[in-house]
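Here is the structure we will look at.
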Amino acid sequence: MTLAFRSGFRLAASRITWSRLAVAAVLGSMAAFGWATAVRRASPLSAPDSLLSAGFAFGLPLVAYAIVGVVVERAGLSAATWPVARFGLSRRGVALGFGIAAWLASLVVVAPALALGLGAAYRGSPGFPSDCAVALGLAALGSGAYVGGFLLASTAMRRGRARSLVLVLDFVFGAGTSVLASPWPRAHLASLLGGGPVMQLTQRQSSCVLAVVAVGTLGWALARLRR
Amino acid sequence: MSSAGQAQAALSLLRLGGRDTLGPNAGALGRVNGLDWSLGPGLHAVVGAPADGTAALAGLLAGEYPPESGEVRLRGARPFDDATCRARIGALLPKTRLFGRTVSDVVSLARAANGGADPLSPLGLEALAARTVSSLSVGEARALELALALSHPEPWLLVFYEPWSLVAGVETAALREALLRRATDTPIALLVSAPSDVATLAETVHLLDAGRWAAADGGRGWCARAARNLVLVLDDRDGVAARGMAQALSDHVLDARAISWSRLDDDPMASVVTVAANDLEAAAIVLVRLCAERAVTVRSISTPLIERDTLLAMVRSPHAEVRG
């Protein structure tokens, strides 16, 4: 299992590549910086909130979606593990390596963008360090939930095309706060950023839901794979 | 056509159906339907085009693709479901998917997973060791996969898809020798599109056409390496007697390498049972005893050896002619 996990992690890393990651991080940071600067000009007080809302509603899911797509080579999760699983290593161990690698890669792209964007939004105003720390924590939680969800979706439909479906459903249903919104990370992340509570859940409970979604979907994805 | 079991069969296909993902948008290039096959140690060839299902069959045997129906059983385990079973399969598949930055990385991973000796030296591929995987041509990558499969220390099954095509730097003679050496204790499935690749090498040959067995040794097919096949033609209107004989033979001919049965295409009242065994005399005695016990009328028993040219003419002729 350890060899399978390590090999899965390295296989995922070899597919993502540092250069792609660096380009994505730079482009993401530039976009966040540009957004925050533009919003700050119009409304300095709402710039941080605006940046975080946009970042967590659109940026984070799209980054996780793209990274998981690259890790599984836009195929199904089972097929993506084949280069390593062919040697008799557990597909589940390999997929776990995929999940951790994709989660870390999402953070590598999102974290600098958030930090730079928030820096531009605050521009020396107090509150930057604490907001930045909270945002990075949310990014870690949200990335985990999205990566797990997309990996689970990669086990369904031909070539894991359910990934796109999950992205759309999260966008549509995650915009609300009703029971339909409850499984979708977007709704809970919005709640944690000060939006309406999902099904009257507290922010602490929403955090727990995100953690459960992250671990649960990843576990479910692994369980759907044959050894 | 159906193929019955074999004593001590290491690999069994039971009504196997499945497809590859080599077509556009990961669609199927070829698929197989309801294949029955049992084989033990030895070289067993399947002749057919990728669109006839050879590529799908290779992936199904190696555990790359899940069966859509039926199952693959390798020593009781299913390769797709069981990592331990996959660890004992060496395979050269249609699509090379090597993981690692360098060839040494690939070799290290294979050896960490399966153990085994240096795979490159026996085939004279030492020069690849220092290369990066991305620098390998398709032929070199296939040669590396071939070497990895052949160097497996204790394989339960070796699967080679077109081992003579697009494989760079491997001598044909060295490959034949290596295959024959491994075949003494390991079932080897050779999936090829040219019958000439296996005509003098394989012990049993099956022709795959549109996902089904169209011919096999002795049926409307041919005898492969050495005349170690007994072909029995029975009076049999519906194939029941032939099927029953094939099953009984699999229990009684202990050194059988393969047993198959088929309807005789040009005579609806007859069926053919073919036995490939090391001791043909012993097999013939068992066969006669079983025929007597089962009151089966035997039209002929023979050990045919069809000439290579005849075989080529058969396989190159339109499919309708091959199938009768």
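Going down the list, the sequences are from chains W and V.
Every letter in the first sequence is one number past the one before it in numbering that gives the first Met the number 0, and letter 174, counting from 1, is 173.
Every letter in the second sequence is one number past the one before it in numbering that gives the first Met the number 0, and letter 46, counting from 1, is 45.
Beta carbons: idealized from backbone N, C-alpha and C, even for Gly.
Counting only the Cα atoms, alanine 46(W) lies some 19 Å from glycine 136(W).
Look at the beta carbons and you see the segment 150-159 of chain V touching the segment 71-87 of chain V: at least three pairs across the two are nearer than 8 Å.
Taken in chain order, the complete beta strand (DSSP E) segments of 3 residues or longer contained in the segment 5-35 of chain V are 10-18. Listed along chain V is no residue with a C-beta nearer than 9 Å to that of glycine 98(W); the closest approach is about 17 Å.
Note on the segment 42-118 of chain V: whole beta strand (DSSP E) runs with a minimum of 3 residues are 68-73, 88-91, in chain order. If you draw a straight line from the Cα of threonine 216(W) to the Cα of alanine 222(W), it is about 10 Å long. Only those residues of the segment 5-26 of chain V whose C-beta falls short of 9 Å from the nearest C-beta of chain W are listed: Thr20, Asn24, Ala25, Gly26. The beta carbon of phenylalanine 4(W) sits closer than 6 Å to those of Gly92, Leu95, Gly96, all from its chain and outside the five residues before and after it, given in chain order. With its beta carbon at least 8 Å from every one in chain W, aspartate 117(V) lies outside the interface.
The shortest C-alpha to C-alpha distance from glycine 138(V) to any of Gly115(V), Ala116(V), Trp163(V) is the one to Trp163(V). At a cut-off of 8 Å, the C-beta of valine 83(W) has a neighbouring C-beta in chain V. In terms of Cα proximity to valine 165(W), the closest of Ala65(W), Arg122(W), Arg85(W), Val211(W) is Ala65(W). Shown in chain order are the members of the segment 77-89 of chain V whose Cβ falls below 9 Å from a Cβ of chain W: Arg77, Phe79, Asp80, Asp81, Ala82, Thr83, Cys84, Arg85, Ala86, Arg87, Ile88. Straight-line spacing of the CA atoms in glycine 69(V) and leucine 61(W) works out to 40 Å.
Distances from the CA of aspartate 264(V) to each of Ala116(V), Asp237(V), Thr20(V) were compared; the closest alpha carbon is that of Asp237(V). Proline 78(V) and leucine 92(V) have their alpha carbons spaced roughly 15 Å apart. Between the alpha carbons of proline 118(V) and leucine 60(V) lies a gap of roughly 22 Å. Within a 10 Å sphere around the beta-carbon of isoleucine 284(V) sit fewer than 16 other beta-carbons, which makes this residue exposed. When DSSP reads this structure, tyrosine 160(V) sits in a beta bridge with Leu190(V). Here valine 67(W) is near arginine 162(W), since their CB atoms are less than 8 Å apart. Contact check between the segment 83-92 of chain V and the segment 27-41 of chain V: fewer than three CB pairs, one atom from each, fall below 8 Å, which does not count as touching.
Annotation for valine 197(W): Thr176, Ala180, Ser181, Ala186, His187, Ser190, Ser205 place their beta carbon closer than 7 Å to its own, counting only its chain and skipping 5 residues before and after. Residues of the same chain with a CB within less than 8 Å of the CB of alanine 269(V), apart from the 5 flanking positions on each side, are Val232, Leu233, Asp234, Asp235, Arg262, Leu263, Arg298 in chain order. Every beta strand (DSSP E) stretch that sits fully inside the segment 231-267 of chain V and reaches 3 residues is listed by chain position as 255-262.
Restricting attention to Leu44(W), Thr16(W), Cys207(W), Ile15(W), the CA atom closest to the CA of arginine 122(W) is found in Leu44(W).
By the Cβ rule, the segment 5-12 of chain W counts as touching the segment 98-111 of chain W, because three or more pairs are nearer than 8 Å. Of all residues in the segment 116-148 of chain V, none is placed with a Cβ closer than 8 Å to any Cβ belonging to chain W.
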